[in-house]
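Everything below concerns the one structure shown next.
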Amino acid sequence: MARLDDLQAWDMEVRISETLQKLRIAGMDRKVSELSGGQKKRLALAKVLVQEPDFIIL
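Following this line, the structure appears as structure tokens:
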């Protein structure tokens with residue numbers, strides 16, 4: 160069963176990386192408090208998209 164958990168963790172890391180690249184916020188090594196308003200909004204959207212919701216209300 161541990162193997163399944165490892166695969167799920169790897170899948171989540173891949174989804175996070177892809178989502179951050181799509182929203183052009185990958186590679187940022189700053190605290191959230193140091194991000195601009197627009198970057199914070201993109202980060203909030205990324206957090207939702209990683210969970211793969213059926214729909215998003217903006």
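Going by this note's numbering, the sequence shown opens with residue 160, and the numbers climb by one from there.
Positions of the beta carbon are idealized from the N, C-alpha and C atoms, including for glycine.
Cut-off 7 Å between Cβ atoms - residues of its own chain near residue i, not counting five sequence neighbours on either side
| i | result |
| --- | --- |
| leucine 182 | Arg201, Leu204, Ala205 |
| valine 209 | Arg174, Ile175, Thr178 |
Boundaries (first-last residue) of the alpha helix (DSSP H) holding residue i
| i | result |
| --- | --- |
| lysine 199 | 196-209 |
Beta-carbon proximity of residue i to residue j, cut-off 9 Å
| i | j | result |
| --- | --- | --- |
| glutamine 198 | isoleucine 184 | yes |
is_contact[residue i, chain B] using C-beta, thresh 9 Å
| i | result |
| --- | --- |
| aspartate 164 | Among the chains in the structure shown there is no chain B, since it carries only a single protein chain. |
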